[in-house]
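Going by the working numbering, the sequence shown opens with residue 1, and the numbers climb by one from there.
Below: one structure, written as structure tokens.
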Amino acid sequence: MSRSRLLNTMKPLGSLLPEVEGPQTRYQMIEKLAWMAGCAVIYQVLLNMPVYGVPKREFVDPINAWRVLDGSSASGAMVTGLAPIIFSAFLMQLLAAGRKIAVNFNLISDRIMFQNTQKVFSAFLYLLFSITFVVSGYYGPVSELGVALTLIFIVQLFIPGIICIYLCEIVEKGYGMGSGPVLLLASHIVSSLFWQILSFNRYQLTEEISQYEGTLVGLVFSLFSYKDKFYALRSIFFRTDRLNVFSLLACISAFLAFIYLLSMRIDISIRSSRVRGFRQNFPLKLFYTSISPFLFIFSFVSHLLVLAYFIHSMFPNSVFTRFLVQYTKYETHPIQQLRLTGGLFYYFVPPLSIWETITCPIHTLVYVVLLFSTSLYISLAWTKATGSGPRDVLAFFKENQLIMAGFREVSMLKELEKIVPSAARSSALVMSSLCLLAGITASTFGLGVVVASALVFASFEVVMGSNPSLANGL
């Protein structure tokens, strides 16, 4: 299929998903914030809404540790999370930037067809995810559930995904500000971290001893409730099935490191071609591409984990399955975890503890090479996809009649072709290192802190950009 026919081919399918109309009047910032808060609340309801008809049994969750990063819930209706929306959005942008899809974003009709195609792709992935989870036996063997209950489960997982698509569209159509997936994912990560830190929910550590799920609550409880202080503190400091004190300190360190690195930038001296004596700096941040490439990478890993679970469930005794997927079951009340511990897919998942990093050096080395090389490639491609490449920066300068100090207009492009890709590479390398260290020291919670920090800061920039007077006041 030629690239010029793809959007037209998807047009009839796009009509199956109605479009959200933009607001008739311009909303004030407080109204937009209210809409954004409402969308985030609805999303939290979907995360915690139980699935009807699930038999009472212990879940065996294949992606439990990864759920903080893909916006999903192990026991709620949003088992599929935000990975389909994020993956389809990034993939479509990269295909358009690479001219694999013919689209002119200056034309309203092309923009609408592009958005509809993205929605159809997201809906297809949600349907595929829903079928995969149910057929793989996530809620029990299909032979025991029956056809009717199997279809009911698929529908219950699919509909929340469609609702999420429209929640994102509501935010992006003008009722809110910024990106819908960014808002929902940030709200999920922040709420998950707060729950892991401050939850009063208790679980059985042993047959005789229970522990609070919240790290700080459990720490205080251990100090004042148990006679054996050493055992109690050791369990809360180094427990592996919940966020422990050591991981919490690592999360705080990751946040402080992100804030410190966020302030680093390279200033390009520019002058006006119209006003004599006018000079200022054009900043290129160290995090030039920020967390965007890693959202694409993490969403890809989520898809890979679902595929691994499907292969393991459908063909458990196959030699090919053992080559691709090898699981180890971990008892974590109330949900058992299936963790990848071998096979080809294992090397796409990061090491999530210091012990795993030391004991599995080949896995660590392969993952580091994959992470750094992939992030470098996607960061460079992302500058083209988002209009932040060398030619785009040059076009911005020309539009505002600005010239780089010390360079003629004809030589500016050559200099920008050196500076901008270097900024994208530096962003990828530094962010990769930060994510790697955060994951090793604090598992996916450390990764979640880095991702949430970047998303919250991006949302903050959008809010400040929508209200310059508020930004100036700060």
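The beta-carbon is built from N, C-alpha and C at its ideal position, and this holds for glycine as well.
Notebook entry, point to check: Does the Cβ of Met412 have 16 or more other Cβ atoms within 10 Å, making it buried, or fewer, making it exposed?
Noted result: By one-based count along the sequence shown, residue 412 stands at place 412. Burial state of Met412 is buried, judged by a 10 Å Cβ sphere holding 16 or more other Cβ atoms.
Note to self: Could you tell me the alpha carbon to alpha carbon distance between Ser269 and Gln401, rounded to whole angstroms?
What the structure shows: Within the sequence shown, numbered from 1, the residue matching residue 269 stands at position 269. Within the sequence shown, numbered from 1, the residue matching residue 401 stands at position 401. So the two alpha carbons sit approximately 14 Å from each other.
Next item on the list: Determine the DSSP secondary structure at Gln118, reduced to helix, strand or coil.
Entry: In the sequence shown, the residue the question calls residue 118 occupies position 118. The three-state reading of DSSP puts Gln118 in helix, counting H, G and I together.
Next item on the list: For the stretch 289–299 and the stretch 312–331, state whether three or more C-beta atom pairs, one from each stretch, are separated by less than 8 Å.
Entry: no
Margin query: Can you confirm whether the stretch 353–363 touches the stretch 390–400 when touching is taken to mean that 3 or more C-beta pairs between the two stretches lie within less than 8 Å?
Written below: Not touching, per the Cβ criterion.
Notebook entry, point to check: Three or more C-beta pairs closer than 8 Å, one from the stretch 162–180 and one from the stretch 39–53: is that the case here?
Noted result: yes
Margin query: Considering Cα atoms alone, identify which of Gly178, Ala250, Leu185 and Gly214 is closest to Lys32.
Written below: The residue you call residue 32 lines up with position 32 of the sequence shown. For the set Gly178, Ala250, Leu185 and Gly214, the Cα lying nearest the Cα of Lys32 is the one of Gly178.
Check: Is the beta carbon of Arg271 sitting closer than 9 Å to the one on Ile403?
Finding: For the purposes of this step, residue 271 is identified with residue 271 of the sequence shown, where counting begins at 1. For the purposes of this step, residue 403 is identified with residue 403 of the sequence shown, where counting begins at 1. Going by C-beta atoms, Arg271 is nearer than 9 Å to Ile403.
Notebook entry, point to check: If you run the structure through DSSP and keep just helix, strand and coil, what is Gln156?
Noted result: In the sequence shown, residue 156 corresponds to position 156, counting from 1. Helix.
Checklist line | Residue range of the unbroken beta strand (DSSP E) whose run includes Asp267 | finding: Counting from one through the sequence shown, the residue named residue 267 turns up at place 267. Taken as a continuous stretch (DSSP letters only), the beta strand (DSSP E) holding Asp267 covers Arg265 to Ser272.
Notebook entry, point to check: What is the DSSP secondary structure of Gly477, counted as helix, strand or coil?
Noted result: Here the chain has residues from 1 to 474 only, and residue 477 is not among them.
Next item on the list: Tell me where the alpha helix (DSSP H) around Tyr43 begins and ends.
Entry: As a first step, residue 43 is located in the sequence shown; it is residue number 43 there, counting from the start. Tyr43 -> alpha helix (DSSP H) spans Met29 to Asn48.
Notebook entry, point to check: How big is the Cα-Cα spacing for Phe87 and Pro181?
Noted result: Locating residue 87 in the sequence shown gives position 87, counting from the first residue. Locating residue 181 in the sequence shown gives position 181, counting from the first residue. Those two C-alpha atoms are separated by around 11 Å.
Next item on the list: Spatial neighbours of Gly446 within its chain, please: CB distance less than 6 Å, with the 5 preceding and 5 following residues excluded, ordered by chain position.
Entry: Counting from 1 along the sequence shown, the entry for residue 446 is found at position 446. Excluding sequence neighbours, Gly446 sits near Ala250, Cys251, Ala254, Ala438 and Gly439.
Item checked: Sequence-distant residues of the same chain with beta carbon closer than 7 Å to Leu305, five excluded per side -> The count along the sequence shown starts at 1 and reaches residue 305 at position 305. So the list reads Pro62, Ile63 and Trp66, once near-sequence residues are dropped.
Check: Can you list, in chain order, the residues of its chain whose CB lies under 6 Å from that of Ala452, leaving out five sequence neighbours each side?
Finding: Indexing the sequence shown from 1 puts residue 452 at position 452. Ala186, Ile189 and Val190.
Next item on the list: Consider the Cβ of Phe238: report whether some Cβ of chain B lies at a distance smaller than 9 Å.
Entry: This model lacks chain B altogether; it includes just one protein chain.
Next item on the list: Would you identify the three-state DSSP class for Leu284, choosing helix, strand or coil?
Entry: In the sequence shown, counting from the first residue as 1, residue 284 sits at position 284. Looking at Leu284 - three-state DSSP - the assignment turns out to be strand.
Item checked: Beta-carbon spacing of Gly218, Phe153 below 9 Å -> To locate residue 218, count along the sequence shown from 1; it is residue 218. To locate residue 153, count along the sequence shown from 1; it is residue 153. The Cβ-Cβ distance between Gly218 and Phe153 does not fall below 9 Å.
Check: Quick one: what does DSSP say Met78 is sitting in, helix, strand or coil?
Finding: Residue 78 sits at position 78 when you count from the first residue of the sequence shown. Met78 falls in the coil class under three-state DSSP.
Notebook entry, point to check: Roughly how many angstroms lie between the CA atoms of Thr80 and Ser299, to the nearest whole one?
Noted result: Within the sequence shown, numbered from 1, the residue matching residue 80 stands at position 80. Within the sequence shown, numbered from 1, the residue matching residue 299 stands at position 299. Between the C-alpha atoms of Thr80 and Ser299 there is a straight-line separation of about 11 Å.
Notebook entry, point to check: Hey, quick one: how far does the alpha helix (DSSP H) through Ile259 stretch, first residue to last?
Noted result: What you label residue 259 is simply residue 259 of the sequence shown in a count that begins at 1. From DSSP, the alpha helix (DSSP H) with Ile259 extends over Val245 to Leu262.
Item checked: Secondary structure of Ser210, DSSP reduced to three states -> Locating residue 210 in the sequence shown gives position 210, counting from the first residue. Reduced to three states, the DSSP call for Ser210 is strand.
Item checked: Three-pair Cβ contact test at 8 Å for the stretch 372–390 versus the stretch 89–106 -> yes
Margin query: Helix, strand or coil, according to DSSP, for Asp61 in the structure here?
Written below: Here the question's residue 61 lines up with position 61 in the sequence shown. Strand, per DSSP.
Notebook entry, point to check: Between Ala405 and Ala428, what straight-line distance do the alpha-carbon atoms span, to the nearest angstrom?
Noted result: Counting from one through the sequence shown, the residue named residue 405 turns up at place 405. Counting from one through the sequence shown, the residue named residue 428 turns up at place 428. Taking the straight line from one Cα to the other gives about 27 Å.
Checklist line | Inter-residue spacing [alpha-carbon to alpha-carbon] between Asp267 and Leu286 | finding: Start at 1 with the first residue of the sequence shown, and residue 267 comes out as number 267. Start at 1 with the first residue of the sequence shown, and residue 286 comes out as number 286. Rounded to the nearest angstrom, the two C-alpha atoms are 11 Å apart.
Item checked: Runs of alpha helix (DSSP H) lying entirely within the stretch 341–410, each at least 4 residues, in chain order -> 354–359, 361–385 and 390–399
Notebook entry, point to check: Rounded to a whole number of angstroms, what is the C-alpha to C-alpha distance between Glu399 and Gly389?
Noted result: Here residue 399 refers to the residue found at position 399 when the sequence shown is read from its first residue. Here residue 389 refers to the residue found at position 389 when the sequence shown is read from its first residue. Cα to Cα, Glu399 sits roughly 15 Å from Gly389.
Note to self: In the DSSP output, which residue or residues are listed as bridge partners for Gln93?
What the structure shows: Within the sequence shown, numbered from 1, the residue matching residue 93 stands at position 93. Its beta-bridge partners do not exist; DSSP assigns none.
Check: For Asn116, which of Val147, Ser353 and Thr9 has the nearest alpha-carbon?
Finding: If you number the sequence shown from 1, residue 116 lands on position 116. Checking every option, the nearest Cα to that of Asn116 belongs to Thr9.
Next item on the list: Over the uninterrupted alpha helix (DSSP H) stretch that includes Thr321, give me the two end residues.
Entry: To locate residue 321, count along the sequence shown from 1; it is residue 321. From DSSP, the alpha helix (DSSP H) with Thr321 extends over Val319 to Leu324.
Check: Which whole-angstrom value describes the C-beta separation of Met78 and Leu47, a residue pair presumed to lie in contact below a C-beta threshold of 8 Å?
Finding: For this step, residue 78 is matched to residue 78 along the sequence shown. For this step, residue 47 is matched to residue 47 along the sequence shown. Indeed they touch by this definition, with Cβ atoms about 5 Å apart.
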